[in-house]
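Taking it in order: structure first as structure tokens, then the write-up.
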């Protein structure tokens, strides 16, 4: 079984292709509504989601703690959902978040500007100039989202396993091509390796959630590297007691077998006038 991540341009039949693909293989679609519900359950309010969801956040928003919180919980949500297997992600940077997972299939769906303009024009009963403005705004936001959150070029075909241009494909044929690739590519060994890796990634995310967001222990740049339940904490702190609190909190997260701290201790200093 596989995890499929579809990145799509507006008016490229991306959502429609995902729907047809789900009909073919029975996979669950993970779309905006699914992600929003999961993030809301984690305490990320609707206003914050709207500020960042597949948008170019702008300079100041990209530097805020809210941005880091949104990305962290988005990542955790994607890990949790991917671990269930047999799912199709639509957008939200899932192909980047899950990069390196052996059973991931990443797809980019696009179409020529001319075809996209015509599709938007007909769907919304507007003129071509207005349709082009809508398309350019969407492209700007989605490209900006990937640049600011993941430092990747959304347009770069090397970020994907397969790219499809739907000028001559309808969603049914596009879905058939993707599913044929899935059938030939995914093996039992890939799936087992992916499950083990996702469990470690999810455990690492949950440890950061517990330390940083639940207990609010101030470890800067905190990361939790996990290998089969063995955890190494990385980050920076100015207090040994704070580090000990972080280690104790991590030990309480279910699934942790062993924990080691590689958190660096630095001394605060003040400038004497």
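Residue numbers (our numbering): -7 to 265.
Cβ coordinates follow ideal geometry from the N, Cα and C atoms, glycine included.
Since we're looking at a predicted model, the values are computed, not measured.
In terms of residue numbering, what span does the beta strand (DSSP E) encompassing residue i cover?
i, result
"residue 250", "250 to 253"
"residue 102", "96 to 102"
Look up residue i in the DSSP assignment and give the residues it is bridged to.
i, result
"residue 20", "79"
"residue 154", "99"
"residue 190", "Its beta-bridge partners do not exist; DSSP assigns none."
"residue 228", "212, 256"
"residue 223", "218, 251"
Exposed or buried, which one is residue i when buried takes at least 16 other CB atoms within 10 Å?
i, result
"residue 212", "exposed"
"residue 100", "buried"
"residue 5", "buried"
"residue 189", "buried"
"residue 52", "A caution first: residue 52 carries a pLDDT of 43, below 50, which makes its placement in the model too unreliable to give a value."
"residue -1", "buried"
"residue 112", "buried"
"residue 192", "buried"
"residue 25", "exposed"
"residue 60", "exposed"
"residue 177", "exposed"
"residue 232", "exposed"
"residue 263", "For residue 263, the predicted model reports a pLDDT of 44, less than 50, meaning its position is unreliable and no value from the coordinates is stated."
"residue 149", "exposed"
"residue 122", "exposed"
"residue 243", "exposed"
"residue 147", "exposed"
"residue 179", "exposed"
"residue 158", "buried"
"residue 88", "buried"
"residue 84", "buried"
Helix, strand or coil for residue i, going by three-state DSSP, please let me know.
i, result
"residue 218", "strand"
"residue 129", "helix"
"residue 63", "helix"
"residue 52", "With a pLDDT of 43 at residue 52, under the threshold of 50, the modelled position of this residue cannot be trusted; read the value that follows with caution. It is helical."
"residue 4", "coil"
"residue 144", "coil"
"residue 181", "helix"
"residue 246", "coil"
"residue 136", "helix"
"residue 266", "Here the chain covers residues -7 to 265 and nothing more, so residue 266 does not appear."
"residue 121", "helix"
"residue 35", "coil"
Along the chain, where does the alpha helix (DSSP H) containing residue i start, and where does it finish?
i, result
"residue 235", "232 to 243"
"residue -6", "That residue, residue -6, is in no alpha helix (DSSP H); it is neither H nor E in DSSP."
"residue 175", "163 to 177"
"residue 113", "105 to 116"
"residue 203", "Neither: residue 203 is in no alpha helix (DSSP H) and is coded neither H nor E."
"residue 93", "Run containing residue 93: none; DSSP gives neither H nor E here."
"residue 89", "86 to 89"
Taking residue i and residue j to be in contact with their CB atoms under 8 Å, please state how far apart those CB atoms are, rounded to whole angstroms.
i, j, result
"residue 31", "residue 65", "6 Å"
"residue 77", "residue 144", "Residue 77 to residue 144, Cβ: 25 Å. No contact."
"residue 21", "residue 10", "6 Å"
"residue 166", "residue 103", "Not quite, the Cβ-Cβ distance comes to about 10 Å (not below 8 Å), so this is no contact."
Is there at least one Cβ from chain C nearer than 9 Å to residue i's Cβ?
i, result
"residue 174", "No chain C appears in the structure shown, which is made up of a single protein chain."
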